[in-house]
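> Residue numbers (our numbering), protein chains in the order written: chain P, 288 to 649; chain A, 142 to 451. For each residue, glycine too, the CB sits at the ideal point set by N, CA and C. Could you have a look at this structure, given as structure tokens, before my questions?
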Amino acid sequence: MSNSVSIKVHQVSKKFGHDRDEVIALDEVSVEIRENEFFTLLGPSGCGKTTLLRLIAGFEHPSEGDIFLNDESIAHLPPYLRPVNTVFQNYALFPHMTVSENIGFGLSMQDKPPTEIDATVSEMLRLVQMEALRDRRTDQISGGQQQRVALARALAPHPRVLLLDEPLSALDYKLRKGMQIELKRLQMETGITFIFVTHDQEEALTMSDRIAVMNKGRILQVGSPNDIYDHPSERFVADFIGDTNFLSAELVESTSESSLLKLASGKTASAGPSGSTLRSMVNIAIRPEQAILTSDEASAEFSGTVTNVLYSGTDSVFHIELKSGEEFIAKVQNSGDTRRDWKTGQALGINIQPGAIQILRD
Amino acid sequence: MSQNTSPLSIQEQLARQQETKTNWLLCTPALIVLFLAASGPLLVMLFYSFLTPGDYGGVEYQLSFDGWMNVFLFRDIFDDVLSIADAHVAIFWRSIRLSLMTTITCLILGFPTAYFIATRPRQSRNFWLFLITIPFWTNLLIRTFAIMEVIRNKGIVNNLLIDLDLIQQPIQMLYTDFAIMLGMTYVYLPLMILPLYASMEKLDFGLIEAGYDLYATRIRVLRKVIIPLIKPGIIAGSILVFIPSLGAFVTPRVLGGGKNLMLGNLIELQFGQGRNWPLGAALSITLLFIVMAALLLYVKNVQKSGVQHD
Ligand SMILES: Nc1ncnc2c1ncn2[C@@H]1O[C@H](COP(=O)(O)OP(=O)(O)OP(=O)(O)O)[C@@H](O)[C@H]1O
Ligand SMILES: [Mg+2]
């Protein structure tokens, strides 16, 4: 993967409506998407994912800010002059054309010679495994097949960037899993930059090279799935992705590499760097699977009483009420040697794996 | 299959036959009305077209093919020589030409109008459609006279052009083919806009965006995406404008000033001053055939484009 920037969104705001009805769909968003990257926009409904995608595609123009493709501003260009294609959420296949006519549409609009169009269409049909249905009308194929045609149609002109707006949301679970793998394969094979929109955090984590977590028209954090999961920068990100315990602690020591926290139990624990001032209370996040349960209550970093146990085969989830009154959820893998037969009402100690405490920005 | 038909399925079949019978019975009133209202008058016309004209209008019950012959042929009253009825041919040709031109003009004007309405927010669309239907509230004759007032030599348009020093002499617009076409366009435009709007409203605007996204310029999106998708509306609107234009007689009479006749006027003439009912009937049936030819073309086109009507 090269590191040159493909799409650069610079200080872009997008407002809809006027005066009292004004909606700020995007609020000074800046992000750089690298060449040949599988980049995901992740966020709850209404956070501005589609709007950002439509701005990159050219269906909308930014109220403020600028958008660059390979260092050239494209914000003023109409969609048909941008080497960017979209896979629409409802596929938007042309109902008056066959599968292969749909796939060849972009190329014929670029006035490519018919022989080249035929060759590319055949190649695309093979790529998405739809050769058998090339002459079908698009309303005579299944949802999953329509999805593939939409993908092939957007890939056929070999755009520099492919935009995908929740392309899998209309498919059932099994088909979705299959298409996730296929999308990833297509992205690797074609070497095209993919910008993918989803509100499914699991999908984002499994498929992406990098993820931008959005909320209320802003990008909160950009990073690799690992980064985002292990080091969420703020409460929203930690909460939106995976399950998290939110606790508070006092910041007693802070260097550029690490910080020392005084926990509610009076014990100390180390964590990553923090921008907060010393002696102040900070919010910390701990993933349930990073807790190590122990019967040795006295020496543990936290202690509490089990209120509920949920057994789910490979692992067990313990709901624990801490001494401080806060609720804590711990997830323990059920391998042979771990003790896991703690019962409701039992007192337990909780240790946290080193480096697993994340200090959140406030 | 038939050997081992169970008693139950025999009963079922009987029930189904019974059902079909009842269905037919239920349809009878509708069929009678359809027959009386649609086929009845046509049969009367067909019958009349083979009779001899009465001296004071009406018909005499005597078989004659003159009515049909006179549609395109002309018999000299002195030497009985048959020649092509130039006047009739000219009128047929003018009717078809003016109707086609009216249809095309309506299409050119109606398309952007329908597109405009279809792209308004849902709540305000009804308001715009309402405006389109307002002219229907006024009598056709009055509206036609209003147009006359606008385009006559001392009318608004000519006066304005003279006041602006763009022309010295008024332009003769009234009593020309142009006036007839203008009048018919005005009268039939809503009949084009409404079906166009109906098919545009169903248009998925995501498809237009998909077109732009795939490198189609505006004009190409129009040609390759919008027009093919709203073709049923275009065809329906064209038929709805073309057919009544072909038979129009009020507009050509008032705005054409009696010298630029159209088919409708010719037919009207036969039943009035001409006192030649069989010819009038034959002309009407000829008109019907032209319309049917146009409709057949429509059906063929729709089948070819594979668009289903629901
Ligand atoms: N054309 C528009 N006119 C007015 N407001 C709009 C328009 N398009 C989007 N918005 C508003 O902008 C905000 C962001 O919308 P957007 O469609 O980008 O959200 P999203 O993240 O894609 O949500 P979802 O996951 O539901 O698709 C929403 O509050 C929405 O109501
Ligand atoms: Mg969206």
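Tell me whether D602/P, by its Cβ, gets closer than 7 Å to a heavy atom of ligand 2.
The residue labelled residue 602/P in the question sits at position 315 within the first sequence. Answer for D602/P: no, Cβ out of range of ligand 2.
> The beta strand (DSSP E) with M501/P in it runs from where to where?
To locate residue 501/P, count along the first sequence from 1; it is residue 214. Segment 497-502, the beta strand (DSSP E) holding M501/P.
> Count the other CB atoms within 10 Å of the CB of Q645/P; is the residue buried (16 or more) or exposed (fewer)?
Translated into the one-based positions of the first sequence, residue 645/P becomes position 358. Burial call: buried.
> Which value, in whole angstroms, describes the spacing of the CA atoms of V500/P and L507/P?
Indexing the first sequence from 1 puts residue 500/P at position 213. Indexing the first sequence from 1 puts residue 507/P at position 220. Distance between the alpha carbons of V500/P and L507/P is about 6 Å.
> Measure the alpha-carbon distance for D221/A versus D196/A and round it to whole angstroms.
The residue labelled residue 221/A in the question sits at position 80 within the second sequence. The residue labelled residue 196/A in the question sits at position 55 within the second sequence. Whole-angstrom Cα-Cα distance: 20 Å.
> Per DSSP, I639/P forms a beta bridge with which residues?
For the purposes of this step, residue 639/P is taken as residue 352 along the first sequence, with counting starting at 1. Per DSSP, A578/P.
> Taking Cβ positions, are L356/P and R447/P nearer each other than 8 Å?
The sequence position of residue 356/P within the first sequence is 69, counting from 1. The sequence position of residue 447/P within the first sequence is 160, counting from 1. Contact flag set, yes.
> Can you confirm whether A339/A, when its beta carbon is compared against all beta carbons of chain P, has any partner nearer than 8 Å?
Position 198 of the second sequence, counted from the first residue, corresponds to residue 339/A. Chain P, which has no Cβ nearer than 8 Å to the Cβ of A339/A, makes this no.
> Please list, in chain order, the chain P residues whose beta carbon lies closer than 8 Å to that of R361/A.
Position 220 of the second sequence, counted from the start, is the residue given in the question as residue 361/A. Going along chain P in sequence order, the residues near R361/A (Cβ under 8 Å) are M396.
> So is the beta-carbon of D452/P under 7 Å away from any non-hydrogen atom of ligand 2?
Here the question's residue 452/P lines up with position 165 in the first sequence. Yes, the beta carbon of D452/P sits closer than 7 Å to at least one heavy atom of ligand 2.
> Where DSSP assigns a beta bridge to S360/P, which residues make up the other side?
As a first step, residue 360/P is located in the first sequence; it is residue number 73 there, counting from the start. Per DSSP, the beta bridge partners of S360/P are F355/P.
> Nearest to R440/P by alpha carbon, out of S599/P, N372/P, H518/P, R522/P?
As a working note, residue 440/P is residue 153 in the first sequence. Checking every option, the nearest Cα to that of R440/P belongs to N372/P.
> By DSSP, does G510/P sit in helix, in strand, or in coil?
Along the first sequence, read from residue 1 onward, the residue named residue 510/P stands at position 223. Looking at G510/P - three-state DSSP - the assignment turns out to be strand.
> Going straight from the alpha carbon of V448/A to that of A423/A, what length do you get?
Within the second sequence, residue 448/A is the residue found at index 307, counting from 1. Within the second sequence, residue 423/A is the residue found at index 282, counting from 1. Residue placement at V448/A cannot be trusted, given a pLDDT of 46 that sits under 50; the coordinates are not used to answer.
> Given 8 Å as the limit, is there contact between the segment 630-645 of chain P and the segment 540-558 of chain P, that is, 3 or more CB pairs closer than that?
yes
> Answer yes or no: the CB of K302/P versus the heavy atoms of ligand 2, is any distance below 7 Å?
Position 15 of the first sequence, counted from the first residue, corresponds to residue 302/P. Not so, every heavy atom of ligand 2 lies at least 7 Å from the Cβ.
> Name the chain A residues that come within less than 7 Å of Y367/P, Cβ to Cβ?
Locating residue 367/P in the first sequence gives position 80, where the first residue counts as 1. Y353, Y356, A357, T358, listed in chain order.
> Would E409/A pass as an interface residue toward chain P - the criterion being a Cβ-Cβ separation below 8 Å?
Taking the first residue of the second sequence as position 1, residue 409/A is located at position 268. Output row for E409/A: interface = no.
> Just to check, is the beta-carbon of T243/A closer than 7 Å to a non-hydrogen atom of ligand 2?
Your numbering for residue 243/A matches position 102 in the second sequence. It does not: the Cβ of T243/A is nowhere closer than 7 Å to a heavy atom of ligand 2.
> What whole-angstrom Cβ distance do A437/P and V484/P have, given they're in contact under 8 Å?
Along the first sequence, one-based indexing puts residue 437/P at 150. Along the first sequence, one-based indexing puts residue 484/P at 197. Their Cβ separation, rounded to whole angstroms, is 14 Å, which puts A437/P and V484/P out of contact at 8 Å.
> For G198/A, name the three-state secondary structure that DSSP assigns.
Residue 198/A sits at position 57 when you count from the first residue of the second sequence. It is a strand residue.
> Are there three or more Cβ pairs, one per stretch, closer than 8 Å when the segment 307-314 of chain P is compared with the segment 465-475 of chain P?
no
> Compare the Cα-Cα distances from F383/A to each of M210/A, M325/A, Q152/A and report the closest residue.
Against the second sequence, residue 383/A aligns to sequence position 242. Measuring C-alpha to C-alpha distances from F383/A to each of M210/A, M325/A, Q152/A identifies M325/A as the nearest.
> Which residues in chain A sit within 8 Å of N372/P, going by Cβ to Cβ distance?
Here residue 372/P refers to the residue found at position 85 when the first sequence is read from its first residue. Result: D354, L355.
> Go ahead and pull the three-state DSSP assignment for M568/P.
Locating residue 568/P in the first sequence gives position 281, where the first residue counts as 1. Three-state result, M568/P: strand.
> Give me the Cα-Cα distance between M142/A and S150/A, rounded to the nearest whole angstrom.
Taking the second sequence and counting its residues from 1, one reaches residue 142/A at position 1. Taking the second sequence and counting its residues from 1, one reaches residue 150/A at position 9. The predicted model places M142/A with a pLDDT of 42, which falls under 50 and marks its position as unreliable, so this point remains unresolved.
> Just to check, is the beta-carbon of S332/P closer than 7 Å to a non-hydrogen atom of ligand 1?
Numbered from its first residue, the first sequence carries residue 332/P at position 45. Checking the Cβ of S332/P against ligand 1 gives yes.
> List, in chain order, every chain P residue whose beta-carbon is nearer than 7 Å to that of P369/A.
Looking up residue 369/A in the second sequence gives position 228. In chain order: H383.
> L458/P and G430/P look like a contact to me (Cβ under 8 Å); what is the Cβ gap, rounded to whole Å?
The sequence position of residue 458/P within the first sequence is 171, counting from 1. The sequence position of residue 430/P within the first sequence is 143, counting from 1. Taking a contact as a CB-CB distance under 8 Å, the pair L458/P and G430/P counts as one, their CB atoms being some 6 Å apart.
> Tell me the rounded alpha-carbon separation between P365/P and A351/A.
Numbered from 1 along the first sequence, position 78 holds the residue referred to as residue 365/P. Numbered from 1 along the second sequence, position 210 holds the residue referred to as residue 351/A. For P365/P and A351/A, the distance between alpha carbons rounds to 13 Å.
> Counting C-beta neighbours from all protein chains within 10 Å, is the total for T146/A 16 or more, i.e. buried, or is it exposed?
Translated into the one-based positions of the second sequence, residue 146/A becomes position 5. Unreliable placement is indicated for T146/A, whose pLDDT of 49 sits below 50; the coordinate value is still reported in the next sentence. Result: exposed.
> Do we get a CB-CB distance below 8 Å when we pair L281/A with the residues of chain P?
What you label residue 281/A is simply residue 140 of the second sequence in a count that begins at 1. So no, L281/A is outside the interface.
> Kindly list, in the order they appear in chain A, the residues whose Cβ is closer than 8 Å to that of P444/P.
Position 157 of the first sequence, counted from the start, is the residue given in the question as residue 444/P. At a beta-carbon threshold of 8 Å, the residues of chain A lying near P444/P are L355, Y356, ordered along the chain.
> Listed in chain order, which residues of the segment 289-317 of chain A have Cβ atoms closer than 9 Å to some Cβ of chain P?
none
> Quick one: which chain A residues come within Cβ less than 8 Å of N638/P?
Residue 638/P sits at position 351 when you count from the first residue of the first sequence. By Cβ distance, chain A contributes nothing, its closest Cβ being about 54 Å from N638/P, past 8 Å.
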